[in-house]
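Chains as they are written, first to last, in the working numbering: chain L, 348 to 700; chain Z, 70 to 323; chain F, 46 to 297. From the three backbone atoms N, C-alpha and C, an ideal C-beta is built for every residue, glycine too. Please read these numbers as outputs of a predicted model, since none were measured by experiment. One structure is given here, and the rest of the page talks about it.
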C-alpha cells in the first residue's frame, strides 16, 4: 500500500504530512512519559519484524500490490504510541533508502500504514479484551480480530485519500472495491500471522506483550525459615490496588477511530455511488483487459449503493456506522454487567520500575 | 534492513560523495525529491535533465549502472500500476502506440513513472554512499527526534540478529528433514515467528541490560560532532540547486 | 555517613513474566564496607535478587534502597551511579571496539569527559591489572582477562557497592587468585553471588543463604559452612577435601 510520489496532489500530501507530524509528536511525548527502559530495543525489534513482515507481497486487482502491514501486531506488542513510532521508523527507512513509498508521500504512508492500522488495531483489541476473561491468553484472539479489521480499514483510508486528492482520473468505485476486497483477504492472512506470533510470545514472555499487561495473577509472600519440603508459612495475599490503566486511555482512540470510520463511510460511499455509470461506460466501449474487468464487473451490483430505501448513500453510510457502534456499545454494557468482578488484581504499583 | 541488506545497499568507496557527511546528503536528497515532484509533468525535458544530474552523481560516486538497475526492482509494483492507468482511467481518449487510452491516464502514468523513478535512483545513490551508522548520525544531526533515531539504531542491530536467528532456525529445521513448500512455508513461518521474536529479543536483551547497568540513557555518550567544512555543504548543495534551476525554468515555460 | 547501609532490601517479592514466582519476601541489610556472599542452589533466585538491586527488575512487592537512594523508576540514574553490577558473562558487558572504550562507557554516561574520564579509565584498568591491554579489542583477550576488564568497566563508575554474579566461574586457578587479590584491594562494599564456597570463605566474612526465594540463613561464613544440616538442606556442598574449620585460618 505504499503510495509513490505524484499519486496524490500537493494539498492532500501536505495535509496528511501535517497529520502524521502531529500524531508523531504526540506519540513521542507519550512514549517518553512512560519512562520504560525496554521501550527502545523492543520497539527496534518490532520495527525489524514489521519490516520483514511487509516483504510478504500479494498482487492486488488494478496493478497495485498488497502486502501485510504489521500495524496491529506492533500495537499489540508494544502499545499504540510506540507502535506508531515503530511503523514510522520503518516507513521512513523504506522511503529514504529503498524509495518504497515516495518521500513526499511519507505523510500519507505514515497516516495510512502507521496511524490508521495501529489505532484501529489497538481499539479493536481493547474492545475484544473487555469481553474476554482477564488472562494473558486472551490477547491472542484479540490480536486476530484487531489485525483482521486494521488492514481493510487502512485500505479504506487509502481509497478515501484518493477520493479527496487523487492525481489520476481513476474510477473510484473500482479502486474501492478492489483495494478493500483484496485487503479483506490480506487481513485474514495478517490475522493468522499476528495471532500466531502473539500466541508464541505470550506463552514464554508475556512481559513483552503490551496488550497483556494487567492480566497477571497476584504475588505470594512467604515467611523465612520455612522448611523446604513442608508447607511454608503463607502470609495472606496483599490487598490489591486496581491496576493502573495503561498510558493513553482508550477513549481518544475510540473517538478518533469512530470519527475516521464515519468520515470514510460518508465520503467514500458518496463517490462510490457515482461510479457505476463510469464502469458501464468503460465496460461497454473497450474490448480488452478482460481479466481486469472481470474483477470490476463481478462486483457490478454497486448500483445497489445508489439509493438505499430512498436515503442518499452517504447518509446511509454514516447511519450504518452509527448504528453498528451503538449496538456494539450496548452489547458490551450488557456483557460487562453480567461478568463477575475479578477477584485478585495484580499488586504491581505503577510507579515501580 | 539487515546486514545482508545493507551490504547490498551500501557500496564501499572513497569518493567525494562517500566522504560527504550523511546529514548533508540526506538534506540534498529530500530537497531534490521535493523539487522533482513539484515539476509540472508536461515539461518532459526537465525530467531528462534531472536524470543527467543523477547520472553525474553516479559517476562521481563510482556507482555502476548495473548496481542501480538491480536495486530499482523495488519500483516494480508502481510500474505495473502506472502502466495500467491509461487503460482504466476515464476522460477523453487519445491514440498512443496504436492503442486508444485515456489522456489523463497517460499523463498520470508518466507523472508517476518519471517522478518515482528519479526518486528511486536518488535514494539508491544515497544508500550506496552512506553506511547505516552514518545515516543514523545524520538523522540525529538533522534534529530528527532522538527517540526515533534510537529506535532506528536498534532496528538496524536487531535486523542482523533476526536474519541470523532465521538462518539458524532454518538450518535446524532442514536438519530435521523439513522440505519447504509454499504453503508449508507459510505455516512454519507463522508458528516460528513468535519464537523468532523472543530469541532475537533475548539475544540483545542481556547486552542492553548490561548497558543500562552502566547508566546508558538511550544515547551513546561519546560521539563527538566534528565541525563540517563549508566545502562539504557546497558540494552537497550542488545537486538540489541545479535541480531548482531546472524546475524554475520548467515552471516559467509551463 | 557510614551508618547509612549500602544496601537495604525489605519484603522483596517478584514473579517472572511467565508466572513463575522467584522471590517470596527478602529482607537483607548490608553495611558499608562489608563483604557479603550470597549462596544457594541453582534456581534459588540469586540472580533475580541481584537484578533488583539496580532497578533492572522491578514491579513486584517490597522496597530496595541502595546507598541511601530508593530504587524507583525516576532515580535509576542515581542508583546506577552508586551500584555497579558485574554480570556473569563478560561478553554481555564488552560491546565496544576497544577495552578503553568499554571502560569509558560507564563514566561517560554519567557525564564524565576529557581528562577526568581518561584518569578514571586508567585508574580502573590499574586496579584490575589490565592497563597494558587498553587499546586491544576485548574479544582478543582470554576469558579471565575479559572478566577482569568487565570488573574495570564497573569500577570506572566509582560505585559505592560492587555486586558480582559468579565472579570466579570458569576461571583457571591463577586467574581466580588474581581476581581475589583485586577484590580484596578495593575499598567498596561487596556483594558476591557464588557457588564457589571456598571463594566465599576467602573473601567474605558474612554470607546469606538464599533458597526457594527466601533467605534461610544469615551469618558468619565459616559458621554457615560448618553447619552440615543447613548445607545439606539447601544443596550446598563443599568441594572434596575442603575443611571449612581449618581453611584459611592463617590468612584470616
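Asked	Found
Buried or exposed by the 16-neighbour rule on C-beta atoms within 10 Å, applied to residue 171 of chain Z	buried
Per DSSP, cross-strand counterpart(s) of residue 128 of chain F	F:206
Whether residue 458 of chain L touches residue 500 of chain L by CB criterion (9 Å)	no
Closer than 9 Å to chain Z by CB, residue 495 of chain L	no
Given residue 181 of chain Z as reference, the closest of L:453, L:449, L:467 once Cα atoms are compared	L:449
Chain L contact residues for residue 181 of chain Z, given Cβ-Cβ distances below 7 Å	351, 353, 354
Whether residue 116 of chain Z touches residue 183 of chain Z by CB criterion (9 Å)	yes
Range covered by the alpha helix (DSSP H) that runs through residue 510 of chain L	486-512
For residue 219 of chain Z and residue 301 of chain Z, the rounded distance between their alpha carbons	26 Å
Contacts that residue 132 of chain Z makes with chain L (C-beta to C-beta distance below 8 Å)	Those within 8 Å of residue 132 of chain Z in chain L number zero; the least Cβ separation is about 14 Å.
Backbone CA spacing between residue 647 of chain L and residue 393 of chain L [nearest angstrom]	At residue 647 of chain L, the pLDDT of 34 sits below 50, so the modelled position is not reliable; the number obtained from the coordinates is stated separately. Straight-line Cα distance between these residues: approximately 41 Å.
Beta-carbon gap between residue 91 of chain F and residue 81 of chain F smaller than 9 Å	no
Cβ-based burial, residue 372 of chain L [other Cβ within 10 Å; buried from 16]	exposed
Residue 89 of chain F vs residue 209 of chain F beta-carbon contact at 9 Å	no
Below-9 Å beta-carbon distance, residue 58 of chain F vs any chain L residue	yes
Proximal residues, the stretch 551-562 of chain L versus chain F, C-beta separation under 7 Å	551, 552, 553, 554
Opening and closing residue of the beta strand (DSSP E) in which residue 171 of chain Z lies	168-171
Cα-Cα separation, residue 489 of chain L to residue 480 of chain L	11 Å
Whole alpha helix (DSSP H) elements within the stretch 396-448 of chain L, 4-residue minimum	418-425, 427-444
Any chain L beta carbon closer than 9 Å to residue 188 of chain Z	yes
Boundaries of the beta strand (DSSP E) in which residue 52 of chain F is found, first to last residue	52-60
Other residues of its chain near residue 153 of chain Z: CB distance less than 6 Å, five sequence neighbours each side excluded	none
Interface residues of the stretch 366-379 of chain L facing chain Z [CB-CB below 7 Å]	375, 378, 379
C-alpha gap between residue 128 of chain Z and residue 165 of chain Z, whole angstroms	35 Å
Residue from Z:217, Z:188, Z:262 whose Cα sits closest to the Cα of residue 287 of chain Z	Z:217
Cutoff 6 Å; reference residue 320 of chain Z; Cβ partners in own chain excluding five residues on either side	none
Cutoff 7 Å; reference residue 513 of chain L; Cβ partners in own chain excluding five residues on either side	355
beta-carbon residue 199 of chain Z near the ligand NAP non-hydrogen atom, thresh 8 Å	No copy of the ligand NAP appears in this structure; indeed no ligand is present at all.
Proximity test, Cβ basis, 9 Å: residue 70 of chain F and chain L	yes
Cβ-Cβ distance between residue 271 of chain F and residue 251 of chain F below 9 Å	no
Contiguous alpha helix (DSSP H) assignments of at least 4 residues, all confined to the stretch 83-117 of chain F	91-97
Cβ of residue 215 of chain F within 9 Å of any chain Z Cβ	no
Residue 505 of chain L and residue 400 of chain L closer than 9 Å at C-beta	no
Assumed close pair residue 128 of chain F, residue 94 of chain F - CB separation to whole angstroms, cut-off 8 Å	In fact, because the Cβ distance is near 13 Å, the residues do not count as touching under 8 Å.
Cα-Cα separation between residue 63 of chain F and residue 126 of chain Z, rounded to whole angstroms	55 Å
Beta bridge counterpart(s) of residue 317 of chain Z as assigned by DSSP	Looking at the DSSP assignment, residue 317 of chain Z forms no beta bridge with any residue, so it has no partner.
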